[in-house]
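Peer 1: This is the structure I want to talk about, given as structure tokens.
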Amino acid sequence: MRGTVVLLVLLFCLSGAWTREESGGVRESDITQQGHSAGRESRVREVQMESQMTDASEKTNKQTTTSPDIWTEMKELRDMVHNLGTTVVEQSEKLRNMEVRVTASEAEEQRNTVTDLRVALMLTKNKVEEVEKENADLTAGLSGSKSQVEELQTKNAAQAAELSAMGDRVTASEAENAALETRLSASESQVEELKRATADRPKVAFSAGLTDSGTVGPFVAETTLVYTKIFSNIGKAYNPATGVFTAPVRGLYYISFTAMSVQTSFYFYAYMYKNGQKIMYSQGYNAGGYETLSNGVSLELEEGDVVYMRIPASNRLYDNSNNHNIFSGFLLFTV
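As numbered in mature numbering (1 follows the signal peptide of the UniProt record, and there is no 0), residues -19 to -1, 1 to 316 make up the sequence shown, in order.
Quick look at the structure:
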């Protein structure tokens, strides 16, 4: 019985192999993929199966006498195996068709994926071109901005230098102003001192005209001139009744006079006295018409000293409202 089963299995395998060979179920690509090692293993199995079949056949021959219907059963089994092989072939064909459909579907999906990738790549390329264009515009704008920044930096540097120079000038001006303020303060102090000094010292000045009546003289003796027309007499140091100026304080005074003559071909004179001493002798010559002379002197006078003008005997002067004869003096400063 064991030999029968082995024989049935062998027949099943052989029927499957025959069926696959007849239907072309085995593809060259599959055989190639299985490799030479799979072929060798298959041949080894076939040799083993042939050996087993030989043994089974021998055993079957021995049992023929006891089992006369075994060949009928084997034929039925072979037909069954053949049918199974046909079914296997059909299933293999369906499997190949399904593989083809799956492969086509995968290829379509891959094509769609590639198309999508191409579209995405094109969009990306367009975006890259737009970005590159924007970058070019930005680069150009940046270059212009850089030029403007450089110009502004140059201007700022020039302005900074000018500002620094102005700062130096301002510093110098401030220093000069400080010096001027110092000098001004000193000058103001001096002015204040002068004000205090002048406020404490007397103010002396006078100026007087001789007369409005015309000719003065001639006299029989040297005579003091009395200037009766007072123009100014600050400090009241000049006496218009006597024609004498009396120094109120010790100091330096400036005394001056003018004189005019109308006597033709005649010398005329004017003398200045200090305390009865002649200190100035002035003369003029009238060749015809009007002739004038003038003179002045700085005198250091003590308090109470007197100064006055005189003319010699037989001398005459002329004066009127035009004030040709003036006697003047003022205090320069005290000593």
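We put the CB at the ideal spot given by N, CA and C, even for glycine.
In this text the structure is predicted, and so the values were computed from the model without any measurement.
1. Using C-beta distances below 6 angstroms, list every residue in its chain close to residue 263, excluding the 5 sequence neighbours before and after it, in chain order.
2. Evaluate residue 56 with the Cβ neighbour count: other Cβ atoms within 10 Å of its Cβ, from every protein chain shown; 16 or more gives buried, anything less gives exposed.
3. Tell me which residue opens and which closes the beta strand (DSSP E) that residue 266 is part of.
4. Is DSSP giving residue 83 helix, strand or coil here?
5. Where DSSP assigns a beta bridge to residue 309, which residues make up the other side?
6. So, for residue 259: in the same chain, excluding its five sequence neighbours on each side, which residues have a beta-carbon less than 6 angstroms away from its beta-carbon?
7. Can you name the start and end residues of the beta strand (DSSP E) that residue 212 belongs to?
8. Using DSSP bridges, identify the partner residues of residue 277.
9. In its own chain, which residues sit with a C-beta less than 8 angstroms from the C-beta of residue 352, not counting the 5 before and 5 after it?
10. Per DSSP, which residues does residue 195 bridge with? Please list them.
11. Please check the pair residue 233 and residue 279, which I expect to be a contact at CB under 8 angstroms, by giving their CB distance rounded to whole angstroms.
12. As a quick exercise: from 89, 131 and 265, pick the residue whose alpha carbon is nearest that of residue 246.
13. Please classify residue 299 as buried or exposed, where buried requires at least 16 other C-beta atoms within 10 Å of its C-beta.
14. Considering just the uninterrupted stretch of the beta strand (DSSP E) at residue 291, what are its terminal residues?
15. Quick one: using the 10 Å Cβ neighbour count with 16 as the cut-off for buried, is residue 103 buried or exposed?
16. Just to confirm the assignment, what range does the beta strand (DSSP E) spanning residue 223 have?
17. Would you give the residue range spanned by the beta strand (DSSP E) that residue 249 belongs to?
18. Once DSSP output is grouped into helix, strand and coil, what is the label at residue 314?
19. Select from 269, 312 and 74 the residue whose C-alpha is nearest the C-alpha of residue 282.
20. Identify whether residue 122 lies in helix, strand or coil by the three-state DSSP scheme.
21. Expressed to the nearest angstrom, what Euclidean distance is found between the alpha-carbon atoms of residue 109 and residue 99?
22. Secondary structure at residue 168, three-state DSSP: helix, strand or coil?
23. Would DSSP call residue 282 helix, strand or coil?
24. From the DSSP output, read off the bridge partner residues of residue 66.
25. When you compare each of 214, 236, 243 and 271 to residue 261 by their alpha carbons, which one comes out closest?
26. Which of the three DSSP states, helix, strand or coil, is assigned to residue 242?
27. Does the count of Cβ pairs from the segment 190 to 210 and the segment 162 to 173 closer than 8 angstroms reach three?
28. What is the C-beta distance between residue 205 and residue 291, in whole angstroms, given that I count them as a contact (C-beta under 8 angstroms)?
29. Beta carbon of residue 284, beta carbon of residue 202: below 7 angstroms?
Peer 2: If we stick to the structure as given:
1. Along the sequence shown, one-based indexing puts residue 263 at 282. 251, 274 and 276.
2. Looking up residue 56 in the sequence shown gives position 75. Under this definition residue 56 is an exposed residue.
3. Position 285 of the sequence shown, counted from the first residue, corresponds to residue 266. Where residue 266 is concerned, the enclosing beta strand (DSSP E) stretches over 258 to 267.
4. On the sequence shown, residue 83 is found 102 positions in, with the first residue counted as 1. Residue 83: helix per DSSP, three-state reduction.
5. Indexing the sequence shown from 1 puts residue 309 at position 328. Its beta-bridge partners are 188 and 237.
6. As a working note, residue 259 is residue 278 in the sequence shown. Residues 252 of the same chain have their beta carbon placed closer than 6 angstroms to that of residue 259, with the five preceding and five following residues left out of the count.
7. Position 231 of the sequence shown, counted from the first residue, corresponds to residue 212. For residue 212, the enclosing beta strand (DSSP E) covers residues 210 to 215.
8. For this step, residue 277 is matched to residue 296 along the sequence shown. Bridge partners of residue 277: 237.
9. The question about residue 352 has no answer here: the residues shown for the chain are numbered -19 through 316.
10. Here the question's residue 195 lines up with position 214 in the sequence shown. Beta-bridge pairing links residue 195 to 300.
11. Counted from its first residue, the sequence shown places residue 233 at position 252. Counted from its first residue, the sequence shown places residue 279 at position 298. Approximately 6 angstroms separates the beta-carbon atoms of residue 233 and residue 279; this is inside 8 angstroms, confirming the contact.
12. Walking along the sequence shown from the start, residue 246 turns up at place 265. Comparing Cα positions, the closest option is 265.
13. For this step, residue 299 is matched to residue 318 along the sequence shown. Here residue 299 is buried, its C-beta having at least 16 other C-beta atoms within 10 Å.
14. Taking the first residue of the sequence shown as 1, we reach residue 291 at position 310. For residue 291, the uninterrupted beta strand (DSSP E) segment begins and ends at 287 to 292.
15. For the purposes of this step, residue 103 is identified with residue 122 of the sequence shown, where counting begins at 1. The residue in question, residue 103, is exposed, as its Cβ has fewer than 16 Cβ neighbours within 10 Å.
16. The residue given as residue 223 occupies position 242 in the sequence shown. First-last for residue 223: undefined, no H or E at that position.
17. On the sequence shown, position 268 is the one that residue 249 refers to. Its beta strand (DSSP E) spans residues 247 to 255.
18. If you number the sequence shown from 1, residue 314 lands on position 333. In this structure, residue 314 counts as strand in the three-state DSSP scheme.
19. What you label residue 282 is simply residue 301 of the sequence shown in a count that begins at 1. Taking residue 282 as reference, the option from 269, 312 and 74 with the minimal CA-CA separation is 312.
20. Working through the sequence shown from its first residue, we reach residue 122 at position 141. Three-state result, residue 122: helix.
21. If you number the sequence shown from 1, residue 109 lands on position 128. If you number the sequence shown from 1, residue 99 lands on position 118. Residue 109 and residue 99: Cα-Cα distance of roughly 15 angstroms.
22. Taking the sequence shown and counting its residues from 1, one reaches residue 168 at position 187. Note: residue 168 maps to helix in three-state DSSP.
23. In the sequence shown, residue 282 corresponds to position 301, counting from 1. Strand, per DSSP.
24. As a first step, residue 66 is located in the sequence shown; it is residue number 85 there, counting from the start. Beta-bridge annotation (DSSP): residue 66 is not paired with any residue.
25. Along the sequence shown, read from residue 1 onward, the residue named residue 261 stands at position 280. That would be 236, whose Cα lies nearest to the Cα of residue 261.
26. The residue you call residue 242 lines up with position 261 of the sequence shown. Residue 242: strand per DSSP, three-state reduction.
27. Short answer: they don't touch.
28. Numbered from its first residue, the sequence shown carries residue 205 at position 224. Numbered from its first residue, the sequence shown carries residue 291 at position 310. With a contact defined as Cβ atoms closer than 8 angstroms, residue 205 and residue 291 qualify at about 5 angstroms.
29. Your numbering for residue 284 matches position 303 in the sequence shown. Your numbering for residue 202 matches position 221 in the sequence shown. In this structure, residue 202 does not lie closer than 7 angstroms to residue 284 by Cβ.
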